[in-house]
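The listed protein sequences derive, respectively, from chains A and B. If you're matching positions, the first sequence starts at 22 in our numbering and goes up one per residue. If you're matching positions, the second sequence starts at 22 in our numbering and goes up one per residue. Input: a single structure, listed below in structure tokens.
Number of protein chains: 2
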Amino acid sequence: MAENVWWRDVKGILLDITGVLYEPGENGGSVVQGSLNAVKRLKEAGIPVRFCTNETSCTKKQFVNQLKSYGFDIELSKIFSPIPAVCAILKKRNLRPFLFVSPNALDDFEGIDTNDPNCIVVGDCNHDFSYKNMNKAFQLLKSLPNPILFSLGRGKYYQDNGKLLLDVGPYMKALEYACDITAEVVGKPSTDFFQAALNDLNVPANKVVMIGDDIVNDIGGAQAVGMKGVLVSTGKYRPEDKYHSTVKADGYSTNLSEAVDLILSNY
Amino acid sequence: MAENVWWRDVKGILLDITGVLYEPGENGGSVVQGSLNAVKRLKEAGIPVRFCTNETSCTKKQFVNQLKSYGFDIELSKIFSPIPAVCAILKKRNLRPFLFVSPNALDDFEGIDTNDPNCIVVGDCNHDFSYKNMNKAFQLLKSLPNPILFSLGRGKYYQDNGKLLLDVGPYMKALEYACDITAEVVGKPSTDFFQAALNDLNVPANKVVMIGDDIVNDIGGAQAVGMKGVLVSTGKYRPEDKYHSTVKADGYSTNLSEAVDLILSNY
């Protein structure tokens with residue numbers, strides 16, 4: 022039925038970055054074919070776009086500069102990422118975190134009081150997910166009368182240099198299990214996170230399409246706030262994602278470029 | 022009610038080792054006060070005893086020698102531990118594991134074919150629970166059409182040198198989550214594992230008491246096969262264990278010595 026196709030009447034777009042705009046890898050990774058031009062065409066068409074990423078391995082500024090080095094001209098203010106979101110929560114709730122995050126990302130926590138910590142923020146730590154560091158986080162959580170764990174996303178894995186690598190999610194699960202707690206997830210697929218990006222777009226949810234490579238965190242998360250979700254076959258995408266037990270995408274595209282073609286030809 | 026006291030009519034005993042007989046720590050750890058004598062008294066009384074441990078950080082022989090060095094005279098055949106149990110399963114099901122275990126424990130897998138692995142065995146790895154090794158295990162599981170993960174226990178943490186350290190359980194959970202699978206637990210609290218020790222004791226379950234410091238893996242596991250479970254206040258024990266959400270011990274003892282006093286005075 023033509024009325025049900027996902028690309029009709031799209032008035033706003035949310036884009037995942039890693040695996041959709043570029044593929045991480047050695048020597049800086051590489052741009053996903055057609056994505057540079059696709060982002061440019063969306064801008065020229067004047068369709069509102071925001072970027073939703075769970076990237077926490079560096080500061081937001083470093084991330085934008087990295088995207089610039091690929092040729093993407095993306096404003097800092099258009100990117101929604103977990104660190105600013107968790108900083109707002111920490112301030113609001115007067116919490117002092119132990120930052121179990123990549124040393125490269127620490128600058129984005131400026132102004133956050135980390136003395137005498139009463140909660141933990143865990144982000145993508147890569148090789149810093151050592152037994153020693155995991156025990157440090159675990160022991161702190163065990164020592165707190167009211168242990169609070171914020172997880173910057175709950176992704177299972179991402180693709181780097183053609184290989185799947187563990188993301189923050191499995192380590193969040195390890196700490197949850199060890200301490201009998203449930204983490205508060207900040208970033209995709211949190212409803213609050215998608216809602217904040219949606220509010221900034223100022224477009225009704227049912228006219229917004231989220232395009233990503235993660236069936237649960239991109240597609241499932243977007244659908245939970247009423248947006249459509251389109252899964253691309255780049256990044257961490259695997260064919261079995263089309264048969265996920267709980268999440269079914271509204272559409273599938275080979276890559277971002279193909280999805281943008283469909284959207285713009287109907288805009 | 023006198024009829025309900027746990028120490029009446031005990032005809033067989035299962036003993037946890039770590040945290041009950043000795044406390045691990047630097048310079049070889051230390052014997053739990055009174056435990057040497059308690060084990061000796063049980064032997065003299067002629068009451069059947071078996072030892073149930075999830076220890077996988079060394080070979081069974083090294084472990085017995087370590088116990089000997091503390092002064093415990095325990096036969097190899099009286100110890101039930103996860104590695105021999107998983108080896109029997111691997112052979113029976115014709116599986117070839119990738120051994121994600123401590124290098125010190127490898128000798129106990131002698132005769133197990135590890136070429137072209139089609140499953141994973143994860144045990145307590147301590148500092149070998151690195152990001153690199155976790156990814157190796159994850160990538161293998163992701164590559165298998167029918168991923169199988171055996172976990173040698175699912176303990177959350179243990180106490181070493183007075184500090185709580187992460188056990189294999191949280192890492193099992195991390196791999197389960199990353200790969201959307203459920204591990205097969207070999208060792209405590211698996212019913213098969215307790216049943217094997219019970220069969221060897223050759224005493225009806227309701228006349229056997231398990232004495233341990235882990236409310237879930239010792240007490241809960243023993244109760245699941247019909248034994249009584251007594252929690253000691255040594256090892257990893259924490260006061261909140263008495264208020265566990267799902268497991269309630271049949272009795273509490275300050276330490277093994279006190280529990281043995283009660284048992285023998287009614288034997």
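Beta carbons are placed, not taken as given, at the ideal position from N, Cα and C, and that holds for glycine.
Nearest chain B C-beta to G183/A closer than 9 Å, yes or no? no
Would a check of beta-carbon distances place P260/A closer than 9 Å to chain B? no
C200/B and K163/B closer than 9 Å at C-beta: yes
Where does the unbroken beta strand (DSSP E) through F93/A begin, and where does it stop? Note, F93/A: premise wrong, no beta strand (DSSP E); not H, not E.
Return the residue from the list L127/B, Y179/B, S211/B that minimises the CA-CA distance to E44/B. Y179/B
Taking Cβ positions, are V41/B and V207/B nearer each other than 9 Å? no
DSSP-derived helix/strand/coil call for R29/B: coil
DSSP beta-bridge partners for L42/B? Answer is none; L42/B lacks a bridge partner.
Spell out whether any CB of chain A is found under 9 Å from the CB atom of D149/B. yes
Terminal residues of the alpha helix (DSSP H) in which G4/B lies: There is no way to answer for residue 4/B, as the model of chain B reaches only from 22 to 288.
Between the Cα of G190/A and the Cα atoms of G183/A, K249/A, N182/A, A204/A, which residue gives the shortest distance? A204/A
I want to see whether chain B comes within less than 9 Å of A199/A, judged by CB atoms only; does it? yes
Closer than 9 Å to chain B by CB, Y264/A: no
Using only CA atoms, which one of N227/A, Y152/A, R117/A lies nearest to G33/A? N227/A
Would you verify that the beta carbon of G92/B is, or is not, closer than 9 Å to some beta carbon of chain A? no
For K177/A, I'd like the list of residues in its chain whose CB is within less than 7 Å of its CB, leaving aside the five on either flank, ordered along the chain. D188, G190, P191
Please state whether DSSP places R71/A in a helix, a strand or coil. strand
N287/A (DSSP reduced to helix, strand or coil): coil
Neighbour-count burial assignment, K81/A, 16 or more Cβ in a 10 Å radius: buried
Under 9 Å between beta-carbons, which chain A residues line up against Y318/B? List them in chain order, please. The question about residue 318/B has no answer, for chain B in this structure spans 22 to 288.
F215/A versus G241/A - alpha carbon distance: 11 Å
Reducing DSSP to helix, strand and coil, say where Y273/B ends up. strand
Is there a C-beta anywhere in chain B that falls below 9 Å from the one on A195/A? yes
Under 9 Å between the Cβ atoms of G174/B and G144/B? yes
Does K82/A come out as helix, strand or coil in the three-state DSSP assignment? helix
Quick check: is the beta carbon of K163/B nearer than 9 Å to any beta carbon in chain A? yes
Taking N86/A as the reference, which of A106/A, G49/A, D213/A has the closest Cα? G49/A
Buried or exposed: D94/B, going by 16 or more other Cβ atoms within 10 Å of its Cβ? exposed
Report the rounded CA-to-CA distance for I38/B versus D213/B, giving the unit in angstroms. 19 Å
Does the beta-carbon of L277/A have 16 or more other beta-carbons within 10 angstroms, so that it is buried, or is it exposed? buried
Against chain B, with Cβ distances strictly below 9 Å, would M22/A count as a contact? Residue placement at M22/A is flagged as unreliable, the pLDDT there being 44, under the threshold of 50; a coordinate-derived value is accordingly withheld.
Tell me F101/A's beta-bridge partners as DSSP assigns them. C73/A
N-terminal and C-terminal residue of the alpha helix (DSSP H) that G233/A is part of: From DSSP, G233/A is part of no alpha helix (DSSP H) but of the beta strand (DSSP E) over 229-233.
Please name the residue, chosen from D271/B, L88/B, Y152/B, that lies closest to L185/A on a Cα-to-Cα basis. Y152/B
List, from N- to C-terminal side, the alpha helix (DSSP H) runs of 4 residues or more that fit wholly inside the region 112-188 of chain B. 152-164
Could you tell me whether the Cβ of Q160/A comes closer than 9 Å to any Cβ of chain B? yes
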